[in-house]
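J.: Chains as they are written, first to last, in the numbering used here: chain A, 186 to 945; chain B, 161 to 241; chain C, 275 to 566; chain D, 1131 to 1293.
Beta carbons are placed, not taken as given, at the ideal position from N, Cα and C, and that holds for glycine.
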Amino acid sequence: MPNDTQKISVKTTDFKVVGTTPDRPDGIDKVTGRAKFGADAYAPGMLHAAIYRSPHAHAKIVKIDMSRAGALKGVKAVVTRADFATGLAGENWNILENIMASDTALYDGHAICAVAATSALIARDAIKLIDVEYEMLPHVTDVDKSMASDAPVIRAGTADKSVPAGLGENVVRYHESGHGDIDAGFAAADLVIEDTFKTEATHQGYIEPHACLATLDTDGKGEVWCCTQGHFNVQKVCAALVGTETSQIRVTASEIGGGFGGKTVVFIEPVALALSRKANRPVKLVMSRSEVFRASGPTASASMDIKIGMMKDGRMTAASAVYRMQGGAFPGAPMEFTSMCGFAPYNLENVHQIGFDVMTNRPKQAAYRAPGSPMAAFAVESVVDELCNELGLDPIEVRLMNASHEGTKASYGPTFQRIGLVQTLEAAKAHPHFTAPLAENTGRGISCGFWFNHGGETSVTMALSEDGTVALSVGTPDIGGSRASMGQMAAEELGIPYEDVRVTIADTATLGYNEISHGSRVTYASGLATIEAARDTLKKLCKRAAAKWGIDEDAVAWVDGCAVPSGANAGDFDPLPIGKITRSMGRTGGPIVGHYEATPEGAGVSFATHIVDAQVDPETGKTAITRYTVVQDAGKAIHPTYVEGQFQGGAAQGIGWALNEEYIYGTDGRLQNTIFLDYRIPVASDLPMIDTVIVEVPNPGHPYGVRGVGETSICPPLAAVANAVSGAVGVRMTQLPMTPPHILSELGKKARAKKGGANG
Amino acid sequence: MVEVNLWSGLRSLADGHETVDVDAKTVGEVLSGLIRAYPALEDPIEAGVSVAVDGRIIASALDEPVNPDSEVFLMQRLKGG
Amino acid sequence: MQYHTPDSFEDAVAIANAATGTTRFLAGGTDVLVQLRADIVTPDDLIDIKHIAGTHDITHNADGSWTIGVAVTGAEMSEHPTLKNDWPGLVEAMDLVGSTQIQGRATLVGNLCNGSPAADSVPAMIAINASIDITNATDTGTATRQVAAADIHTGPGKTSLTKGDVISAVNIPAVQPNSGDAYLRFIPRTEMDIAVVGVAVNLTLEGDTITAAKVVLGAVAPSYVTVTDAANALIGSTLDEAALDALATAASAACNPIDDKRGTIEFRTQVSGVLAKRAAVIAYARAKGANT
Amino acid sequence: MSMIHVNTTVNGDEVDFVCDPRETLLDVLRDRLSLTGAKEGCGTGDCGACSVTVDDRLVCSCLMLGAEAEGKSIATIEGMATTEALDPLQVKFIEYAALQCGICTPGILIATRALLAKNPDPTEEEVRYWLAGNLCRCTGYDKIIRAVLDTAKDLRADAGEAR
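What follows is the structure in structure tokens.
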């Protein structure tokens, strides 16, 4: 199969369905309230669960007394860590430790025990009756402080072999990459700028809290309904954590109310299963919003040193970076991706980057849309902007001069295949936004961004109905309209109307393994799998036609939804439409089902260039985003409207990250902003319309040239907004978020420095 | 022989080498050759790696061909959002 | 939790006085329900006052004053055809509380009694000398006393209300000729935040000269601050640059804020001066008859 | 804990239920009446996913007690489409891709319908401020705002023709 895949020629023109914008198959369900999300499920006899969470940042659990809670009328089961599997190792141990503490509470919100009761109110009341005795331990939540030699140790001995000697116990993984001679490169530069940047942790902020409904019988068979980006992963993890066989747990993915990486992780499903096993009843478990903020997986926070050398004409001579990434109380901060992405847009002869994965007393970080990349882009693109300012150069021309292209040795090692960075820069340059006049107190920021694209295990089944319509089963939860794009690709291949394809997100008992919907992989990998399954189906259809006509199957081709004789000696037969073949399939060999199971190879990478105007009130430090343009390479846009939606959504999230979103920890190590009132994601009145330009430079690894688009859109905005704000206020902003108090404080420093300078 | 570039975290498992030469005609032979040369590499390779062959990211196809002059990088498997 | 729906203030007072545990009154519920859902406060007795006659009414009295029922929502205040002509600052302050949905439920009295020093409508009420009717039991039945809006809030989470006190109306004075009020707040987003700084200004003019002024700050101290120096900076002026600067200086000097997740001491102090100037400009224009 | 018996009207139908006094209207709609179209995104009135109208007034159903529904008329997303057709807003939201995950969509549709009932010709700014209490994390709001403005335009044109 991989060799077949490699041979696939990329089709970029003459599409009939691909590139159009049909209504999504789940549209009516979602506008009528009928769509069933995680918390919308019900089962007869269902109990409601609640989780008791640590109020402390770091504390030894001396004693858990659940006797009062267990005695409350209506409480049917209680669980602690003792009710889960033992003997786990590696990441499964990390996951279990994160969702149910063993002997130490590692962060504010860390789960310690849980109850199931006949109503949600009783479950909540029971939580208030749980008595836990703690022995307080010193805590640390800041990445730089956690790296210090005197920092409280989160878990000694966690570091892997990659970590050089002499670093603190909380540094648990290390990355280093690059090529060339950076010292020589910096020495050759006309100007070298070096600066330090910080970003706070943010949250994916999906509107739907984690929710599940689970049943685990005494014979080890279980059912889980949950909102997840990857139900096959939930199946695997749940089975391990509750101690049963993977195939005995059937997981159905509900509609998912946003994920952005945050629902690639398992938090509550094993807890509901363990409670169900004890109560012998179905258990529903829904996180509250404050639980989501305290105890799901926010991003890493970052502390970064960037150094770039440039010639007067704008040519970069060398670049180096150190990324210190805080990932909570477990290993996993995405520092290797931060390191790999930062300088990826640039064709550098001399480049070097180091990443540290640092543990603190915070929740275990999770992926958030291009995990690790936006922070790197913020730091790197800020220095590029500053170099352009200092040297009086145009920010797009400088980026064009240094842009990575096909054949460039990437900053992280391999050589780029065909990529579209230059095209996004050219499109940005040509966009009217780039040359529009600027209002008072307004700055314009430019930034590039880079993210990978992922293949991953993928299974797709395509079953034909007797009337020639198609039931397409895919195993990647639809997180943004992917049912539509799958339907389009199926219809394109089969030559049938889009409406004739019904796309279902199949459960774990129905399809082979599917990796999580992450890494911008769905349209790429499930799309490729859908195309391959359709081609498998066509082969079978052609075979039936060949049998009917009594000719060789190689002499049958598929054109516009019909089998036709192909070649000079095939004979003369009328085209046989799909419906005619399927009508008689029971008598001509049985059901016709196409399928594909493999790991697609050849995922492309994707670049974007964003332009933003930000107006800052000089008296209050408040920023308004007044204009925004996203230019991104989609390879091939299957459903252009949904591609635009991904661009706009990523930009909006990046604006929030840049301006107002942050995890705020008190000196007690507790999270202070656990509701949407104080975790400030952009509201409708905060944003302008977001213009989009879809660039299409085909990915050679996909039959239609698709590149994943979901994640790259969040990479440039942090830097683009920071560059715009820095331009507006005349101060380089090196810390995110750029809240009004932060901006006003920088303006005050600038004014005092100016005054001091004038006096001196 | 094919020159395989290791990511930094693997180097301590391969006597500090940044690159390792293995006798291989496919991606599968690259991986098995690495493990033969440095058994400590087995764990991270089993845990999942991607192999970039001339810039093309290969996540699982062990029969993907590799030439003596191919540029080969071992990369950590992607975790996206 | 017992849920009560009295149909008179007398009954509400009786229930409140008979209650032995935690008691809360329910009008819009936009704070009470948040605290209930988060298990911060679960009242033993919850007294819904919306069934009491008159609590939904906005009444323009013969003397020009206004009586606002305790269940009147922000949306009803904004939609009232003439209230905002008299007191635009008050109406816009209430309108800043929360979203459209919150406006459909939230009330002036709830905003006041929640005990936050950052409520938007409270500086506006204090600036226009609003008063509150409080009904409670006496030896001879129930009686209602009038208390200045300024005297209700005493500190974070604290009010001067005592057991059995039921707020039964909000009294808004008649607007004086050539007067204008305004309220501005600072939030990091455009909507949906709690004030980091709030400033209400109420002015009366003779010709171009300010003859009376009141400046009230919110969210910059443990309680609301009526800044006499700021008012004095305005009185006698025509709102020239010097007066505005003196106003800003006085407003900033009156701040006694804290550093918290919403803002810093430095920021609150500086921005209260900025907003005081901006609010004064709007109030002045309104006093001059501008329809802003 | 004594339960409360409540008579009310939901989407034009008379219904009754019993609830704990602590249950919110949202709890009642979802758990007692099986109307799960309104969602709990926050429980604090900050996200708007639970938006319904009560006596034609837009509210967050998470910030109202079930017991308060006595004698009221409640409208939820489940009642938005008529027996014959989707509401024009629903049609336009699908056409414009004004939803990605769809969790905020019921609340935004209910809120938008309330806006257009009050103001058939809103400006972009008015739409944005009206919907500021309805968080959407997927779309960046662009396509939502466009769908609302375009629906309003269509409805005004229809009203003009009707006259």
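Count the other C-beta atoms from every protein chain shown that fall within 10 angstroms of the C-beta of Met525 (chain A), then say buried if there are 16 or more, exposed otherwise.
T.: buried
J.: The alpha helix (DSSP H) with Arg379 (chain C) in it runs from where to where?
T.: Here Arg379 (chain C) belongs to no alpha helix (DSSP H), and DSSP marks it neither H nor E.
J.: Drop a sphere of 10 angstroms on the beta-carbon of Glu847 (chain A), count the other beta-carbons inside from all chains shown, and report buried for 16 or more, exposed for fewer.
T.: buried
J.: Determine the direct distance from the alpha carbon of Thr1174 (chain D) to that of Glu202 (chain B), and round the result to whole angstroms.
T.: 50 Å
J.: Would Ser432 (chain A) be called buried (16 or more neighbouring beta carbons within 10 Å of its own) or exposed?
T.: exposed
J.: Would you say Thr643 (chain A) and Ala710 (chain A) are within 8 Å of each other, going by their C-beta atoms?
T.: yes
J.: Where do the N-terminal and C-terminal ends of the alpha helix (DSSP H) with Gly370 (chain A) fall, by residue?
T.: Ile367 to Ala373
J.: Run down chain C in chain order and give the residues with a C-beta less than 8 Å from the C-beta of Thr1154 (chain D).
T.: Leu307 and Arg311
J.: Going along chain C in order, which residues have a C-beta closer than 8 Å to the C-beta of Lys313 (chain A)?
T.: Under the 8 Å cutoff, chain C gives Asp313.
J.: Which two residues bound the contiguous alpha helix (DSSP H) that contains Gln450 (chain C)?
T.: Annotation: Gln450 (chain C) is outside any alpha helix (DSSP H) and is labelled neither H nor E by DSSP.
J.: Establish whether the CB of Gln833 (chain A) and some CB of chain D are separated by less than 8 Å.
T.: Cβ-Cβ to chain D under 8 Å: yes for Gln833 (chain A).
J.: For Asn506 (chain C), which three-state DSSP category applies?
T.: helix
J.: Beta carbon of Ile849 (chain A), beta carbon of Gln857 (chain A): below 8 Å?
T.: yes
J.: Mark Thr1166 (chain D) as exposed unless 16 or more other C-beta atoms lie within 10 angstroms of its C-beta, in which case mark it buried.
T.: buried
J.: Closer than 8 Å, Cβ to any Cβ of chain C: which residues of the segment 842-858 of chain A, in chain order?
T.: Leu844, Asn845, Ile849, Gln857 and Asn858
J.: Taking just the CA atoms, how far does Leu426 (chain A) sit from Asn465 (chain A)?
T.: 18 Å
J.: Please compile the residues from chain A whose C-beta is within a distance smaller than 9 Å of the C-beta of Gln276 (chain C).
T.: Chain A residues near Gln276 (chain C): none, gap ~15 Å exceeds 9 Å.
J.: Between Ala293 (chain C) and chain D, is any beta-carbon pair separated by less than 8 Å?
T.: no
J.: Taking a contact to mean a Cβ-Cβ separation below 8 Å, would you say Thr374 (chain C) touches Ala1241 (chain D) in this structure?
T.: yes
J.: Measure the alpha-carbon distance for Val202 (chain A) versus Gln673 (chain A) and round it to whole angstroms.
T.: 6 Å
J.: Please report whether the beta-carbon of Leu460 (chain A) lies at a distance below 8 Å from any beta-carbon of chain C.
T.: no
J.: For the alpha helix (DSSP H) containing Glu700 (chain A), list its first residue and its last residue.
T.: Glu700 (chain A) -> no alpha helix (DSSP H), and no H or E assigned at all.
J.: Which first and last residues belong to the alpha helix (DSSP H) in which Lys346 (chain A) is found?
T.: That residue, Lys346 (chain A), is in no alpha helix (DSSP H); it is neither H nor E in DSSP.
J.: Tell me whether Leu357 (chain C) sits in a helix, a strand or coil according to DSSP, three-state version.
T.: Of the three classes helix, strand and coil, the one that applies to Leu357 (chain C) here is helix, per DSSP.
J.: If you drop the 5 nearest sequence neighbours on each side, which residues of the same chain put their C-beta closer than 7 Å to that of Asn388 (chain C)?
T.: Asp305
J.: Under 8 Å between the Cβ atoms of Gly854 (chain A) and Asn546 (chain A)?
T.: yes
J.: According to a CB-to-CB cut-off of less than 7 Å, which residues of the segment 597-610 of chain A neighbour chain B?
T.: Gly598, Pro599, Thr600, Phe601 and Gln602
J.: What is the DSSP secondary structure of Val315 (chain C), counted as helix, strand or coil?
T.: coil
J.: Run through the segment 301-326 of chain A for me and flag every whole beta strand (DSSP E) of 3 or more residues, listed as ranges in chain order.
T.: 316-321
J.: Would a check of beta-carbon distances place Arg309 (chain A) closer than 8 Å to chain C?
T.: A Cβ of chain C is located within less than 8 Å of the beta carbon of Arg309 (chain A).
J.: Within 10 angstroms of the Cβ of Pro229 (chain A), are there 16 or more other Cβ atoms? Answer buried if so, exposed if not.
T.: Flag for Pro229 (chain A) reads exposed.
J.: Is the Cβ-Cβ distance between Asp375 (chain A) and Met495 (chain A) less than 8 Å?
T.: yes
J.: Of all the CB atoms in chain B, is at least one closer than 8 Å to the CB of Gly634 (chain A)?
T.: Chain B contact via Cβ: absent.
J.: So, helix, strand or coil for Phe792 (chain A), using DSSP?
T.: strand
J.: Any idea what DSSP makes of Ser1164 (chain D), helix, strand or coil?
T.: coil
J.: Using beta carbons (cut-off 8 Å, strictly below), is Thr484 (chain A) in contact with chain C?
T.: no
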